Amino acid sequence: TESSVRYGYSAEVSSTSLKIYKDDVFVQELKIPESKSEAFVLGLAQNNVLFRDMNFDSNEDLCLTIAVNNGVYNYCCWIYDSQKGEFVYNETLSAFTSIAIDSEKKQIVATDSEGYGVYEWNGNELKKVDTKNSLPENLAGNILGSSSSNSTISRDPETTGSKVPNTTT
Numbered sequence: 302t303e304s305s306v307r308y309g310y311s312a313e314v315s316s317t318s319l320k321i322y323k324d325d326v327f328v329q330e331l332k333i334p335e336s337k338s339e340a341f342v343l344g345l346a347q348n349n350v351l352f353r354d355m356n357f358d359s360n361e362d363l364c365l366t367i368a369v370n371n372g373v374y375n376y377c378c379w380i381y382d383s384q385k386g387e388f389v390y391n392e393t394l395s396a397f398t399s400i401a402i403d404s405e406k407k408q409i410v411a412t413d414s415e416g417y418g419v420y421e422w423n424g425n426e427l428k429k430v431d432t433k434n435s436l437p438e439n440l441a442g443n444i445l446g447s448s449s450s451n452s453t454i455s456r457d458p459e460t461t462g463s464k465v466p467n468t469t470t
């Protein structure tokens, strides 16, 4: 997204953590939860760092695609807490698979056992508001981590201090 450039965020991804930078200045280290380590695919994660407003509060949040299995995407997600000035791991979002963000309706759509669950934020919690048999047409091809979701390539640890290639639109 353009906001990745506008806000100047980048990330250096390893198998155990992410180092977050803003305008090439280190700001926070995030740990990959142990519960996600078995599914974690480093090469995929390094190429699928996404800074996007996922809770519709006008702050960039962070979603890392950690695995893809038979077209199902798995994630680690952090929401930016503006009061703390840091990213905070979000268990609910991280448990979802194949997430799509509907910014217009301020909804998160994710696969579940019934098809596609439609969720809205109620304070700091996501509440399911609907179930769809298929992904809404306006979100087709916008699954986070898919080639069309415009992820940011992570920083190369060997080039700390240099700008990160950005594949966002």
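Taking the numbering used here, I'd label the letters of the sequence shown as residues 302 to 470. By construction, the Cβ of each residue, glycine as well, lies at the ideal position given by its N, Cα and C atoms. Only a predicted model underlies this, so the values are computations on that prediction, with no experimental measurement involved.
From the listed residues Asn425, Asp324, Val342 and Gly309, the smallest Cα separation to Ser318 is found for Val342. Between Gly418 and Ala401, the alpha-carbon positions lie close to 10 angstroms from each other. Secondary structure note for Gly418: its beta strand (DSSP E) is the uninterrupted segment Gly416 to Asn423. Put simply, the backbone Cα of Cys377 is about 24 angstroms away from that of Asn439. When the alpha-carbon of Leu351 is set against those of Asp362, Phe357 and Gly344, the nearest one is in Asp362. When DSSP reads this structure, Val410 sits in a beta bridge with Ala401 and Val419.
Contact annotation, Tyr420 with Lys433: C-beta distance approximately 12 angstroms; criterion of less than 8 angstroms not satisfied. Between Phe388 and Gln329, the gap from beta carbon to beta carbon is short of 8 angstroms. Just so you know, the alpha carbons of Ala312 and Asp431 end up roughly 34 angstroms apart. Per DSSP, reduced to three states, the secondary structure at Lys429 is strand. In this structure Ser383 is in contact with Asn360, their Cβ atoms being roughly 6 angstroms apart against a cut-off of 8 angstroms.
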